[in-house]
Amino acid sequence: MTETPASPNSLAPQRFPVVVVGAGPAGLTVGCVLRAAGVDCLVLETGTRKFVEQRPRAGVIEEPVVRGLERRGLAGNLLERARRDTACEFRFDGGRHPFDYHELTGGHHWVYPQQFLVTDLVREYADVRGGAVRFGVRDVRVHGLDGDRPSVSYVCPESGRREVVVCDFVAGCDGARGVTRAAVAGRAGVARHDYGIGWLALLAQAPPSADRVLFGCHPDGFAGQMPRSPEVTRYYLQCPPGDAPENWPHERVWAELRRRLGAAGAEPLTEGPLIEKRVLDMHDYVTEPMTFGRLCLAGDAAHLVAPIAAKGLNLALHDAFALGDALVALLLRGDEAGLAGYSQARLRQVWDYQEFSQWLSELYHGGATGDPFRAGTALARLRRLFSSPAAAAAFAERYLGTAARY
Ligand code: RFL
């Protein structure tokens, strides 16, 4: 546990019931839930407001998450502007295989770029609900998490001075590379899984090539298309882990996408300039438990699920609802049950989604392993989705996040 003493040049400590570290989707949602109940909190963020509002990442949001946002007054813009997706399409064996999950289950997905959601949440938290936030802070440290008066300190970007904030609880929402996860290293159990593959994550300045998510399961590697907005489309290409984006010039990217997403009767891809190009080494981790004394982790700070199943943002928001509600119950009503059960309850869904990600990974990538046995079983897994209604329904409820209560 980090126990750095506050530096001598700090001012008199500020005091907030909750300090939230990180202004991503998880942190801002926790902040909004707290502010709606009248609980004061301070959100600390290393990036600028512009940076967090413009960082493109996820885009596929589950219906139960959207309803959770709506119940907390956080879905106004999303419900007005987001697209509803009712089907996806697998491409394999040279053919198109549409999968209409709406027809099957009545359910749908929402497509709303993460940066739009973060922009909505920042505005709601800071401008509407009057929540305190400091952007651009440096060298954030957490102190005294095992006692009942933890604190968080940071270097103020304007004064260069270390400021100290004393609190009752720290919400660790600072993502995969944050300080709160690091603060419990050595104490937490960390389970990690490496897929041994990379994904070249691309954003193209171009309308979607198809009006639905495409999954290309090809012997040369997986390729995906995820519509984001009428102007911008996300694509993925499986590549070796650690590959360099420079190895993927414009022509090579589009040639591979054409090959791996190609299918009889498919419309040609709508090409455009590539405005983001980065390699993600696909891995997952889970930190157990998710609470340590007065520190509660949420979102990617607690667990990472590779973007294979588009679940990371969804899990982060599920965590944030549960953590925000639990903190409100404890701080306003002295009800400890929610916080006491937070970690165990959240980990059930986290593990369920990790397992789904592994299952889906084999379906996407098995055909490109060079191992004829894995290629055969991956193809069987794909075909079963289109031959067994029970298998199709099981996939749909996990894909849509409607599988079960956790
Ligand atoms: P975030 O979004 O990383 O936010 C953490 C915030 O903390 C700040 N920070 C700190 N602040 C204070 N002190 C420190 N020491 C700090 N260190 C960091 C950071 O600047 C940042 O603002 O975590 P959060 O809130 O847990 O949200 C998690 C999601 O962002 C993530 O799981 C998803 O983006 C994953 N993901 C997807 N998830 C989905 O559910 N559906 C998708 O379609 C989907 N697509 C994706 C994705 C992730 C991707 N990448 C880049 C990994 C597509 C991609 C390409």
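All residue numbers for the sequence shown refer to UniProt numbering, where the first residue is 1 and numbers rise by one. The beta-carbon is built from N, C-alpha and C at its ideal position, and this holds for glycine as well.
Asked: Trp248 (DSSP reduced to helix, strand or coil); Found: coil
Asked: Contact under 8 Å by Cβ, Gly299 with Ala329; Found: no
Asked: Complete runs of the alpha helix (DSSP H) confined to the stretch 177-261 [at least 4 residues]; Found: 179-183 and 250-261
Asked: Minimum C-alpha distance to Leu79 - residue among Tyr236, Leu104 and Val111; Found: Val111
Asked: Ordered list of alpha helix (DSSP H) runs contained in the stretch 61-120, each at least 4 residues; Found: 63-71, 76-81 and 101-105
Asked: Cβ-heavy atom distance, Leu44 to the ligand RFL, below 7 Å; Found: yes
Asked: Span of the alpha helix (DSSP H), counted from its first residue to its last, around Ala392; Found: Pro389 to Leu400
Asked: Collapsed DSSP secondary structure at Asp281 in the structure displayed; Found: strand
Asked: Bridge partners - Gly172, DSSP secondary structure assignment; Found: Val21 and Leu297
Asked: Alpha helix (DSSP H) segments (min. 4 residues) lying fully within the stretch 290-342; Found: 312-333
Asked: Given 8 Å, three or more beta-carbon pairs between the stretch 202-217 and the stretch 235-246; Found: yes
Asked: Per DSSP, cross-strand counterpart(s) of Gln14; Found: Val165
Asked: The ligand RFL heavy atom lying under 7 Å from the CB of Lys277; Found: no
Asked: Val179 and Arg138 closer than 8 Å at C-beta; Found: no
Asked: Leu79 beta carbon near the ligand RFL (any heavy atom closer than 7 Å); Found: no
Asked: Supposed contact pair Leu385 and Phe99 - C-beta distance, whole angstroms, cut 8 Å; Found: 7 Å
Asked: Boundaries (first-last residue) of the alpha helix (DSSP H) holding Arg49; Found: Arg49 to Gln54
Asked: Near the ligand RFL: Val60 beta-carbon under 7 Å from a heavy atom; Found: yes
Asked: CA-to-CA distance, Val21 to Pro157, given in whole angstroms; Found: 16 Å
Asked: Own chain partners of Arg398 with C-beta closer than 6 Å, once the 5 adjacent residues on each side are dropped; Found: Phe356
Asked: Cβ pair count under 8 Å reaching 3, the stretch 324-344 against the stretch 24-36; Found: yes
Asked: Simplified DSSP state of Pro5, which is helix, strand or coil; Found: A caution first: Pro5 carries a pLDDT of 42, below 50, which makes its placement in the model unreliable, though a value can still be read off. Reduced to three states, the DSSP call for Pro5 is coil.
Asked: Candidates Tyr285, Ser151 and Val133, of which the one nearest Arg192 by Cα; Found: Tyr285
Asked: Residue from Ala244, Ser151, Leu44 and Ala390 whose Cα sits closest to the Cα of Ala23; Found: Leu44
Asked: Contact under 8 Å by Cβ, Leu42 with Leu145; Found: no
Asked: Contact set for Pro64: own chain, Cβ-Cβ below 6 Å, skip 5 residues either direction; Found: Gly401
Asked: Contact belief for Val122 with Val52 at Cβ below 8 Å, rounded distance in angstroms; Found: 7 Å
Asked: Contact test: Val164 Cβ vs the ligand RFL heavy atom, cutoff 7 Å; Found: no
Asked: Where Thr48 falls, given that 16 or more other Cβ within 10 Å makes a residue buried; Found: exposed
Asked: Pro150: CB within 7 Å of a non-hydrogen atom of the ligand RFL; Found: no
Asked: Environment of Ser387 [buried if 16+ CB atoms lie within 10 Å]; Found: exposed
Asked: Selection from Pro230, Pro273 and Gly262 that minimises the alpha carbon distance to His250; Found: Pro273
Asked: Assigned secondary structure, Ala263 (DSSP; H/G/I helix, E/B strand, else coil); Found: coil
Asked: Residue nearest to Lys50 in terms of C-alpha spacing, selected from Arg134, Pro307 and Ala403; Found: Arg134
Asked: Check: Cys32 C-beta below 7 Å from any heavy atom of the ligand RFL; Found: no
Asked: Beta bridge counterpart(s) of Tyr154 as assigned by DSSP; Found: Glu163
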